[in-house]
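Residue numbers are given in the numbering used here: position 263 of the sequence shown equals residue 283, and the series is strictly consecutive.
All residues carry an ideal CB built from backbone N, CA and C; glycine is no exception.
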Amino acid sequence: MEIKKKIKQTWNNWRASNSDAVKILVTGGTGYIGSHTVVELQQAGFEVYIVDNLSNSNIDVLNGIEKITGKMPVFENIDCTDYVAMDRFLSKHEGIQAIIHFAASKAVGESVKKPLLYYRNNVVSLINQLELMSIHHIKGIVFSSSCTVYGQPDVLPVTEAAPRKTALSPYGNTKQICEDIIMDTIYSNDQLKSIILRYFNPIGAHPSAYIGELPNGVPNNLIPFVTQTAAGIRDELKVFGSDYNTPDGTCIRDYINVVDLAKAHVVAVQRMLENKTKKNVEIFNLGTGRGLSVMEIIKTFEKVNKVAVPHQIVEHREGDIEQVWADPTYANEELGWKAEESVEDTLKSAWKWQKYIMKKADK
Ligand code: UD1
Numbered sequence: 021m022e023i024k025k026k027i028k029q030t031w032n033n034w035r036a037s038n039s040d041a042v043k044i045l046v047t048g049g050t051g052y053i054g055s056h057t058v059v060e061l062q063q064a065g066f067e068v069y070i071v072d073n074l075s076n077s078n079i080d081v082l083n084g085i086e087k088i089t090g091k092m093p094v095f096e097n098i099d100c101t102d103y104v105a106m107d108r109f110l111s112k113h114e115g116i117q118a119i120i121h122f123a124a125s126k127a128v129g130e131s132v133k134k135p136l137l138y139y140r141n142n143v144v145s146l147i148n149q150l151e152l153m154s155i156h157h158i159k160g161i162v163f164s165s166s167c168t169v170y171g172q173p174d175v176l177p178v179t180e181a182a183p184r185k186t187a188l189s190p191y192g193n194t195k196q197i198c199e200d201i202i203m204d205t206i207y208s209n210d211q212l213k214s215i216i217l218r219y220f221n222p223i224g225a226h227p228s229a230y231i232g233e234l235p236n237g238v239p240n241n242l243i244p245f246v247t248q249t250a251a252g253i254r255d256e257l258k259v260f261g262s263d264y265n266t267p268d269g270t271c272i273r274d275y276i277n278v279v280d281l282a283k284a285h286v287v288a289v290q291r292m293l294e295n296k297t298k299k300n301v302e303i304f305n306l307g308t309g310r311g312l313s314v315m316e317i318i319k320t321f322e323k324v325n326k327v328a329v330p331h332q333i334v335e336h337r338e339g340d341i342e343q344v345w346a347d348p349t350y351a352n353e354e355l356g357w358k359a360e361e362s363v364e365d366t367l368k369s370a371w372k373w374q375k376y377i378m379k380k381a382d383k
């Protein structure tokens with residue numbers, strides 16, 4: 021792809037004139053999307069520093085990362101809401117040039133029960149990073165946002181220009197508030213840059229199966245529930261509703277391969293560091309542009325992995341959106357990034373990962 025070659029070329033030129041490896045802080049770097057991003061960053065030549073409080077991840081993820089890249093990232097168990105600890109970390113590791121901020125709580129249902137936990141974890145930690153950026157001369161921050169900010173869009177596929185709808189949960193509200201905090205902060209300080217990435221539904225695992233999604237307890241998201249049901253850990257998958265206004269009656273989402281998603285972060289960081297951003301805050305949808313229903317996902321999973329997923333249709337899940345998928349044109353054209361993996365290969369990677377963790381647990 022022409023544009024990809026061009027990006028690589030300018031990046032190589034930029035790196036050659038900045039001889040030391042560029043240091044990046046990844047908060048929440050042992051989490052699902054964070055760990056895949058760390059791998060892609062290391063493979064692109066960055067020196068990665070991780071802070072994570074391991075509240076929804078496992079320290080063993082670091083070994084998985086090292087197995088893939090041959091490099092162990094610098095890691096410290098720090099809660100990003102702890103300003104003093106973050107300040108100390110950044111003083112100790114001078115020269116970090118950008119932050120990719122994943123560290124956040126993300127379970128919609130839990131956020132309804134524990135709103136203050138969500139406001140503290142998600143909002144306070146972002147404020148800390150933004151304050152510390154100026155003090156430690158950090159140029160830019162990539163922020164993990166979500167398609168949840170669109171609610172049920174009036175027009176599909178949804179573009180970045182679509183209005184944000186009133187959030188249906190404290191979790192969704194934190195993403196909107198965080199986007200606003202970033203915009204206000206960056207507009208008040210022209211030394212800072214930010215790229216806000218609105219993820220659709222990340223699924224799958226690294227093709228090596230050394231890292232993947234590792235939910236604590238009963239999974240909330242579809243794919244870990246599918247893989248655990250196929251593996252016999254769960255009796256059956258509950259399909260939340262089959263009377264939606266969609267072709268087969270089940271909800272539609274834009275499922276994006278997690279490695280594709282991780283690669284977009286590398287491009288975003290490069291863009292900020294090379295001063296290629298068009299505005300000091302940019303927003304991109306990260307999706308495939310294709311919507312798939314819950315039933316299509318189940319059937320494809322069963323077909324490509326030759327395994328049954330017992331399932332039953334049940335009531336709607338409260339707060340679920342009927343259908344949403346991305347118009348990723350802006351990211352495709354402006355970032356030169358595109359989701360490339362097929363859903364078949366992605367679902368194969370999810371199953372390979374499930375089998376890998378079970379084998380590991382048996383040992
Ligand atoms: C949810 C959040 C999103 C958040 C993401 C990450 C909403 C509206 N969206 O996405 O903001 O970023 O989680 O955690 O809450 N499903 C089943 N059975 C299951 C699980 C899921 O049928 O056991 C269905 C859901 O109804 C949905 C689809 O599968 O249609 C995907 O669900 P899920 O993986 O939980 O993601 P979202 O709800 O889209």
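What residue from the options has the CA that sits closest to residue i's CA?
{"i": "residue 198", "options": "282, 171, 148, 174", "result": "148"}
{"i": "residue 42", "options": "122, 118, 302", "result": "118"}
{"i": "residue 368", "options": "337, 350, 382, 324", "result": "324"}
{"i": "residue 280", "options": "110, 357, 154", "result": "357"}
{"i": "residue 46", "options": "133, 33, 61", "result": "61"}
{"i": "residue 343", "options": "220, 278, 40", "result": "220"}
{"i": "residue 257", "options": "338, 319, 225, 299", "result": "319"}
{"i": "residue 229", "options": "70, 32, 315, 375", "result": "375"}
{"i": "residue 238", "options": "76, 67, 54", "result": "76"}
{"i": "residue 32", "options": "314, 380, 294, 103", "result": "294"}
{"i": "residue 331", "options": "314, 345, 307", "result": "314"}
{"i": "residue 49", "options": "306, 143, 232", "result": "232"}
{"i": "residue 102", "options": "128, 112, 152, 334", "result": "152"}
{"i": "residue 308", "options": "276, 129, 283, 78", "result": "276"}
{"i": "residue 88", "options": "55, 109, 115", "result": "55"}
{"i": "residue 184", "options": "285, 177, 167, 176", "result": "167"}
{"i": "residue 212", "options": "253, 181, 265, 155", "result": "155"}
Is it the case that the CB of residue i approaches a heavy atom of ligand 1 more closely than 6 Å?
{"i": "residue 168", "result": "yes"}
{"i": "residue 303", "result": "no"}
{"i": "residue 198", "result": "no"}
{"i": "residue 126", "result": "yes"}
{"i": "residue 271", "result": "yes"}
{"i": "residue 184", "result": "no"}
{"i": "residue 341", "result": "yes"}
{"i": "residue 337", "result": "yes"}
{"i": "residue 163", "result": "no"}
{"i": "residue 367", "result": "no"}
{"i": "residue 245", "result": "yes"}
{"i": "residue 260", "result": "yes"}
{"i": "residue 221", "result": "yes"}
{"i": "residue 241", "result": "yes"}
Identify whether residue i lies in helix, strand or coil by the three-state DSSP scheme.
{"i": "residue 302", "result": "strand"}
{"i": "residue 229", "result": "coil"}
{"i": "residue 119", "result": "strand"}
{"i": "residue 264", "result": "coil"}
{"i": "residue 131", "result": "helix"}
{"i": "residue 332", "result": "strand"}
{"i": "residue 359", "result": "coil"}
{"i": "residue 341", "result": "coil"}
{"i": "residue 187", "result": "coil"}
{"i": "residue 47", "result": "strand"}
{"i": "residue 242", "result": "helix"}
{"i": "residue 154", "result": "helix"}
{"i": "residue 176", "result": "coil"}
{"i": "residue 223", "result": "strand"}
{"i": "residue 259", "result": "strand"}
{"i": "residue 27", "result": "helix"}
{"i": "residue 41", "result": "coil"}
{"i": "residue 346", "result": "strand"}
Give the range of the alpha helix (DSSP H) segment to which residue i is assigned.
{"i": "residue 283", "result": "278 to 293"}
{"i": "residue 377", "result": "363 to 382"}
{"i": "residue 194", "result": "190 to 208"}
{"i": "residue 55", "result": "52 to 63"}
{"i": "residue 68", "result": "Taken as a continuous stretch (DSSP letters only), residue 68 belongs to no alpha helix (DSSP H), being part of the beta strand (DSSP E) at 67 to 72."}
{"i": "residue 325", "result": "314 to 325"}
For residue i, verify whether its CB is less than 6 Å away from any heavy atom of ligand 2.
{"i": "residue 314", "result": "Ligand 2 is not part of the structure shown, which contains ligand 1 as its ligands."}
Could you give the residue range of the beta strand (DSSP E) that holds residue i?
{"i": "residue 160", "result": "160 to 166"}
{"i": "residue 142", "result": "Taken as a continuous stretch (DSSP letters only), residue 142 belongs to no beta strand (DSSP E), as it is neither H nor E."}
{"i": "residue 217", "result": "213 to 219"}
Would you say residue i reaches chain D, if we count a Cβ-Cβ gap shorter than 7 Å as a contact?
{"i": "residue 76", "result": "No chain D is present in this structure, which holds just one protein chain."}
Quick check on the DSSP output: what are the complete beta strand (DSSP E) runs of length 3 or more inside the region 74 to 113, in order along the chain? List check, beta strand (DSSP E) in window: 94 to 97.
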